[in-house]
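Asker: One structure, as structure tokens, below. Some questions next.
Protein chains: 2
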Amino acid sequence: MRIALDAMGGDHAPGPIVAGALAALKSDPDLQVVLVGDRHQVESCFKETPPAGIELFHCTQVVSMEDSPVVALRQKPDNSISRCWQLLAEHKVQAIVSAGNTGAMVAGGLRLRRYLKNVRRPGIAALMPTLRGPCVLLDVGANVKPKPEHLYQYGVMGSIFARYILERQRPTIGLMNVGSEEQKGHDLAKETHALFNASPLREQFIGNIEGRDIHQGACDVIVTDGFVGNVVLKVCEGVFDFVMKMTTKELLGALSQEKAQAQQAIQALINRYDYHEHGGAPLLGIDGICIICHGSSGERAIKNAVGVAARYARSRLNQTIVQELASGPLQVTEED
Amino acid sequence: MRIALDAMGGDHAPGPIVAGALAALKSDPDLQVVLVGDRHQVESCFKETPPAGIELFHCTQVVSMEDSPVVALRQKPDNSISRCWQLLAEHKVQAIVSAGNTGAMVAGGLRLRRYLKNVRRPGIAALMPTLRGPCVLLDVGANVKPKPEHLYQYGVMGSIFARYILERQRPTIGLMNVGSEEQKGHDLAKETHALFNASPLREQFIGNIEGRDIHQGACDVIVTDGFVGNVVLKVCEGVFDFVMKMTTKELLGALSQEKAQAQQAIQALINRYDYHEHGGAPLLGIDGICIICHGSSGERAIKNAVGVAARYARSRLNQTIVQELASGPLQVTEED
Chain C
1249 MRIALDAMGG DHAPGPIVAG ALAALKSDPD LQVVLVGDRH QVESCFKETP
1299 PAGIELFHCT QVVSMEDSPV VALRQKPDNS ISRCWQLLAE HKVQAIVSAG
1349 NTGAMVAGGL RLRRYLKNVR RPGIAALMPT LRGPCVLLDV GANVKPKPEH
1399 LYQYGVMGSI FARYILERQR PTIGLMNVGS EEQKGHDLAK ETHALFNASP
1449 LREQFIGNIE GRDIHQGACD VIVTDGFVGN VVLKVCEGVF DFVMKMTTKE
1499 LLGALSQEKA QAQQAIQALI NRYDYHEHGG APLLGIDGIC IICHGSSGER
1549 AIKNAVGVAA RYARSRLNQT IVQELASGPL QVTEED
Chain R
1249 MRIALDAMGG DHAPGPIVAG ALAALKSDPD LQVVLVGDRH QVESCFKETP
1299 PAGIELFHCT QVVSMEDSPV VALRQKPDNS ISRCWQLLAE HKVQAIVSAG
1349 NTGAMVAGGL RLRRYLKNVR RPGIAALMPT LRGPCVLLDV GANVKPKPEH
1399 LYQYGVMGSI FARYILERQR PTIGLMNVGS EEQKGHDLAK ETHALFNASP
1449 LREQFIGNIE GRDIHQGACD VIVTDGFVGN VVLKVCEGVF DFVMKMTTKE
1499 LLGALSQEKA QAQQAIQALI NRYDYHEHGG APLLGIDGIC IICHGSSGER
1549 AIKNAVGVAA RYARSRLNQT IVQELASGPL QVTEED
């Protein structure tokens, strides 16, 4: 199992990226992690000789978080994200992982057009905490103007991901909308709703869900366009952070003897639900495995993401996507 | 100051609606509240003779929360929401307030087409708590497929609302998007971005904001389409509820002597930031005042909403909207 890890991607790279790679190796000795980045900078992160499971792939350029993805990929051909994609395209690795510029990771994949057979557009799937365990939200940013067929395919892919990675037997699927009634929302929502109801997924499709249903655990997979999904993901992060700050302040003011215990309990909660620590979001629909991590990912998040990539690579997830899309109502008949 | 209050609208109407009306009257004796609804049901909510500030407008029908707005308005002509709009159209009241079916409230207003001069499409403005005090998010559901000009007008109207109701001197305006860079997002976002930058609001416009910026208090007014705004509003509600539940559970497990104090502190926080208690969301752009409340609104929320309606009615908010839209780059030249 060989996984390429973008050593230059992320707010504090390469330090926590290298540390995450070492932690992942420790818990899964069958891994081989290829650190892609500036040799000098990466090597300076090792306190001792790297273990045998670590390789280095040198490249000289970095796409920064502020760079325009498309421009950066063109102007910096030797950047670590493009090199990761190249290793994947050449079958030298089975998976790639990056906490760098999300737009560049997606653009790199779309540019190669190495989609799985029958997939029309890849989508990013994020895990969201709920009262009933994590659910899958997709797309969270690869496709800001999708067609109904794309959203339907996200339902298929998200559902397979929930089966293989979250171990849900028969995942339920909901469509993000502004009301529960069938006729709600804009044309995209209405057409997607009709498509699901006429598809092999109709038994798993629970119809529209609203924003407040997500964290109740209303369904296992939530389908939406990349604009709404991206906004939702970041709003959740923001509210969580806001509420935790307010709660800490309020409690420290109200308690006298058990301040320390309260702080510890809140910290435990933050660690458990931290949106940065969920182990990355896969770009589903790619022929290969691509995991996109939060820019602020630390050692633990990178370790988790490499772990998810390995588990994904050992599963039949991608083969199942190809099969189930082939038997669906929407075989690819045109390029778009 | 005469305000019509939909006595039949809301999950527990008419009880908390009538109680809210009485509470509003107590704190503002200059009010005259017209309770619109079934005379028998409304009267049964009074323990003693209603004060002079209460009037009753009898009607026989109710739009339920599950009703399709357009169908219900047509099939139930004597419903309390249509009667409220009628009172407003006939200038018998200055404002209307309802916690009933939001879609029907909006549809009632759009059907009358009593827009303020120069307004192309009304939008619902919701208040959101942030670390720097409340901000205005609009539209949250009146217009799920807006044009860039509509979003620009939401910026103008939201900014005036923030000046008059939130007392911000010179409100900043942000555009909800999936990244901070100018070229981010779908066509609607890019075109709206350009429109603001070429408008008299360009000095107040801070550009794109992302989901996680909202609760940091990144700006005073956030402009978005009604689909995204509605999802964001409800997601915030859901995450808040989720985090409060998890925090309570975690703390009660961790503390021994100060459980009661912790519970009290959390309850205070819930009361302060409760999304149901914010006093309703105005439908801006209507010639008159229309405040839409959460279906679960209790006495306090209704009292707050009536208070906001009165404050709005006493201000020059609507006149200012007409003036500032007239001097903007986008006078109404066509109906759409």
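Chains as they are written, first to last, in this note's numbering: chain C, 1249 to 1584; chain R, 1249 to 1584. C-beta atoms are modelled at their ideal positions from N, C-alpha and C, and glycine is treated no differently.
#1: Where in the region 1292 to 1339 of chain R do unbroken runs of the alpha helix (DSSP H), each at least 4 residues long, occur, reported from the N-terminal end onward?
#2: Is the CB-CB distance between L1385/R and L1531/R below 8 Å?
#3: Using Cβ-Cβ distances below 8 Å, what residues of the region 1484 to 1498 of chain R are close to chain C?
#4: Going by beta-carbon coordinates alone, are I1408/R and L1449/R separated by less than 8 Å?
#5: How far does the alpha helix (DSSP H) with M1494/R in it extend, from its first residue to its last?
#6: Counting only Cβ pairs nearer than 8 Å, list the residues of chain R close to G1433/C.
#7: For V1469/C, decide whether its Cβ has a neighbour in chain R, counting only Cβ atoms nearer than 8 Å.
#8: DSSP on P1530/R, reduced to helix/strand/coil?
#9: Less than 7 Å between C-beta atoms, sequence neighbours within five positions excluded: which residues of the same chain meet that for P1396/R?
#10: K1619/C touches chain R at which residues, Cβ-Cβ below 9 Å?
#11: Could you name the residues of the same chain whose beta carbon sits closer than 6 Å to that of E1303/C, not counting the 5 residues immediately before and after it, in chain order?
#12: Need the endpoints of the alpha helix (DSSP H) that I1408/R sits in, please.
#13: Is there contact here, the region 1258 to 1276 of chain R with the region 1538 to 1547 of chain R, by at least three beta-carbon pairs under 8 Å?
#14: Which residue's Cα is closest to the Cα of V1476/C: Y1521/R, V1426/R and A1516/R?
#15: Since P1317/C and G1351/C are thought to touch, with beta carbons under 8 Å apart, how far apart are those beta carbons, to the nearest angstrom?
#16: Cβ closer than 7 Å: which chain R residues qualify as neighbours of S1316/C?
#17: Please report the distance separating the alpha-carbon of L1364/R from that of I1372/R.
#18: Indicate the three-state DSSP secondary structure (helix, strand or coil) for M1424/R in the structure shown.
#19: List, in chain order, every chain C residue whose beta-carbon is nearer than 9 Å to that of V1479/R.
#20: Are the beta-carbon atoms of G1357/C and P1370/C separated by less than 8 Å?
#21: Count the CB pairs spanning the region 1490 to 1501 of chain R and the region 1454 to 1464 of chain R that are closer than 8 Å, and state whether there are at least three.
#22: Grouping DSSP H, G and I as helix and E and B as strand, with all else coil, what is R1380/C?
#23: Starting from the Cα of H1339/C, find the closest Cα among D1535/C, E1314/C, T1568/C and A1549/C and give me that residue.
#24: What are the boundary residues of the beta strand (DSSP E) that includes V1266/C?
#25: Would you verify that the beta carbon of H1339/R is, or is not, closer than 8 Å to some beta carbon of chain C?
#26: Considering only DSSP beta bridges, list what V1345/C is partnered with.
#27: Going by CA-CA distance only, name the one from E1415/R, D1489/R, N1552/R and M1494/R that's closest to L1565/R.
#28: Per DSSP, Q1280/C forms a beta bridge with which residues?
#29: Three-state secondary structure (DSSP) at L1386/C?
#30: As a quick exercise: from Q1571/C, V1487/C, A1553/C and V1570/C, pick the residue whose alpha carbon is nearest that of L1279/C.
#31: The alpha helix (DSSP H) spanning N1566/R covers which residue range?
#32: How many angstroms separate the CA atom of R1361/C from the CA atom of I1344/C?
#33: Quick one, which of Q1342/C, L1273/C, V1392/C and E1429/C has its alpha-carbon nearest H1434/R's?
#34: Please determine, among P1262/R, G1465/R and P1382/R, the residue with the shortest C-alpha to C-alpha distance to F1294/R.
#35: Would you decide whether R1380/R is buried or exposed? Buried here means 16 or more other CB atoms lie within 10 Å of its CB.
#36: Taking Cβ-Cβ distances shorter than 7 Å, what residues in chain C pair up with G1371/R?
Answerer: Taking the definition as stated:
#1: 1317 to 1323 and 1328 to 1337
#2: no
#3: C1484, E1485, G1486, V1487, F1488, D1489, F1490, V1491, M1492, K1493, M1494, T1495 and E1498
#4: no
#5: G1474 to A1502
#6: V1392 and F1475
#7: no
#8: strand
#9: L1436, E1439, T1440 and L1443
#10: With chain C running from 1249 to 1584 in the structure shown, residue 1619/C is simply not present.
#11: V1282
#12: P1396 to Y1412
#13: yes
#14: V1426/R
#15: 4 Å
#16: E1429 and Q1431
#17: 14 Å
#18: strand
#19: M1424, N1425, V1426, E1458, G1459, T1472, V1476, V1479, V1480 and V1483
#20: yes
#21: no
#22: coil
#23: D1535/C
#24: Premise fails: V1266/C lies in the alpha helix (DSSP H), G1263 to S1275, not in any beta strand (DSSP E).
#25: no
#26: L1253/C and I1539/C
#27: E1415/R
#28: R1250/C
#29: strand
#30: A1553/C
#31: L1565 to A1574
#32: 16 Å
#33: V1392/C
#34: P1262/R
#35: exposed
#36: In chain order: nothing, as chain C lies at least about 14 Å away.
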